[in-house]
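Under the UniProt record's numbering, think of the first position of the sequence shown as 1, with each following residue one higher.
Since the structure comes first, as structure tokens, the remarks are kept for the end.
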Amino acid sequence: MKNHLVVALAYDRLCTFEFGCTVELFALERPELGVDWYDFAVCAVEEGPIRAAGGITVQAPYQPELLTRADTIIVPGWRDADEPQPPPLLDWIRAAHARGARLCSICSGVFVLAAAGVLDGQRATTHWRYAERLAQRYPRIEVQPDHLYVDNGQVITAAGSAAGLDMLLHLVRRDHGAKIGNLVAQRLVVAPHREGGQAQFLPRPMAQGEQGRLSRLMDWLRSHPAQAHTVASMATRAAMSPRTLQRQFQQTTGLGPVEWLIRERVAIVKELLEEPDVPLARIAERAGFGSEETLRHHFRRLTATTPGAYRKRFVLR
């Protein structure tokens with residue numbers, strides 16, 4: 001990642017929170033991590049003044065020509081989902097996509113990528129309030145309204161506001177590994193990992209007692225991944241029926257309890273793989289997969305790579 005240039009776009013009526021999350025993640029120097037951190041710049045894609053929510057004015061030092069060198073481009077929320085984007089901006093996005101730059105949007109920023117055509121034939125998400133509008137306006141995009149973020153490889157889209165932070169942390173994990181991603185999350189005092197497929201909101205809020213029991217169960221499972229867990233045993237620990245547990249997990253995370261647990265175990269495997277001397281059999285045992293074969297199956301299914309390839313990438317750097 002040495003000299004990897006992340007560029008945040010700035011335009012009038014900028015979404016301050018989403019822009020601020022991008023600055024917090026990529027602009028701060030982090031020498032304590034011991035890795036080559038990102039270069040960061042803010043690029044104005046239209047003439048000023050650039051006003052941001054809350055009465056703030058942003059002075060962006062760079063012009064759109066910088067986008068010809070950007071490795072990652074972050075598009076914060078666009079000022080109005082129904083307002084057309086300037087044609088020059090769309091041309092810059094298309095050119096960046098054509099040369100292989102990574103493009104990321106937060107919330108209504110997806111409308112910029114959609115209008116540029118770089119999401120045609122791909123999956124995408126946005127804030128749930130805009131999902132139907134996005135699907136109707138751009139039928140070639142497979143809109144996934146319940147997801148926190150969707151990673152297509154070169155193009156990554158996030159739902160509203162705080163989901164943008166999940167997506168940005170996901171980029172750090174993707175670039176630098178689970179251990180570094182978790183350290184950055186600790187600095188931000190946020191949860192280290194939320195799967196992109198988790199639900200954006202609860203369609204039916206849980207009763208306070210149910211919510212507390214589910215939260216305590218999740219914390220306990222994260223602390224005891226090596227033990228054998230079934231839906232029945234998890235339901236017993238949470239003092240719920242298996243049917244209620246299934247429903248609450250689905251509403252809270254967008255996943256069933258078994259799939260949620262598998263993804264938590266894969267996250268543990270990633271961090272352990274970044275330690276060069278831990279044998280895979282030991283990792284399978286500590287993460288709760290039991291066997292190397294089971295670990296390999298779920299790891300490849302969820303990461304599209306092998307444990308060996310992952311270890312080589314994040315250890316032999």
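Backbone N, C-alpha and C define an ideal beta-carbon position, used for all residues, glycine too.
If you drop the 5 nearest sequence neighbours on each side, which residues of the same chain put their C-beta closer than 6 Å to that of residue i?
i	result
Arg286	Ala226
Arg204	For Arg204, the predicted model reports a pLDDT of 43, less than 50, meaning its position is unreliable; a value from the coordinates is still stated below. Result list for Arg204: empty, nothing under 6 Å.
Tyr11	Val45, Glu46
Lys270	Ala178
Val112	Val75, Trp78, Gln85
Tyr138	Ala114
Pro145	Trp128, Ala131
How about residue i and residue j: do their beta carbons lie closer than 9 Å?
i	j	result
Thr16	Ala53	yes
Leu262	Leu302	The displayed chain sequence assigns Ile, not Leu, to residue 262. For Ile262 and Leu302, yes; Cβs fall inside 9 Å.
Phe289	Arg265	yes
Met234	Leu221	yes
Ile106	Asp120	no
Ala8	Ile74	yes
Tyr149	Ala163	yes
Val6	Ala70	yes
Ser174	Arg30	One detail in the question is off: residue 174 reads as Arg in this sequence, not Ser. The answer is no: Cβ separation not under 9 Å.
Gly48	Gly77	no
Ala238	Leu272	no
Cys43	Leu14	no
Ile268	Val35	no
Ala101	Thr72	yes
Arg311	Glu274	yes
Val315	Pro279	no
Ala185	Leu171	no
Arg95	Leu103	The residue asked about is misnamed: residue 95 is Ala in this sequence, not Arg. It is not a contact, given that the beta carbons lie outside the stated cut-off.
Tyr62	Ala81	no
Leu183	Leu33	yes
Which residues does DSSP list as the beta-bridge partners of residue i?
i	result
Glu292	Note: Glu292 sits in no beta bridge, so no partner.
Phe40	Val6
Leu103	Ile73, Val155
Ile50	Val58
Ala124	Val143
Val150	Thr157
Leu14	Ala52
Considering just the uninterrupted stretch of the beta strand (DSSP E) at residue i, what are its terminal residues?
i	result
Arg129	Where Arg129 is concerned, there is no enclosing beta strand (DSSP E), although the alpha helix (DSSP H) it sits in stretches over 128-137.
Got a sec, what are the start and stop residues for the alpha helix (DSSP H) residue i sits in?
i	result
Asp166	162-176
Arg94	87-98
Thr57	Premise fails: Thr57 lies in the beta strand (DSSP E), 56-58, not in any alpha helix (DSSP H).
Ala27	Ala27 -> no alpha helix (DSSP H), and no H or E assigned at all.
Ala114	110-116
Pro257	257-273
Gly308	307-315
Ser233	231-238
Arg286	280-287
Gln250	242-253
Which residues in the same chain as residue i place their Cβ atom closer than 7 Å to its Cβ, once the five residues preceding and following it in sequence are excluded?
i	result
Ile56	Thr16
Ala115	Gln85, Leu90
Lys2	Asp36
Ile50	Ala10, Tyr11, Asp12, Leu14, Ala44, Thr57, Val58, Ala60
Arg300	Thr306
Sorted by chain position, which residues of the same chain lie with C-beta nearer than 8 Å to residue i's C-beta, five sequence neighbours on each side aside?
i	result
His4	Asp36, Tyr38, Asp39, Asp71, Thr72, Asp175
Glu292	Leu280, Ala281, Ala284
Glu18	Pro76, Gly77, Ile106, Cys107, Gly109, Ser161, Gly164
Would you say residue i faces chain C, with C-beta separation under 9 Å as the test?
i	result
Arg173	Considering every chain present, this structure includes no chain C. It has just one protein chain.
Under 8 Å: do the segment 284-300 and the segment 239-252 share three or more Cβ pairs, one atom per stretch?
no
So does the segment 116-126 actually touch the segment 152-161, counting three or more Cβ pairs closer than 8 Å?
yes
Report yes or no: do the segment 87-94 and the segment 12-32 share at least 3 C-beta pairs separated by less than 8 Å?
no
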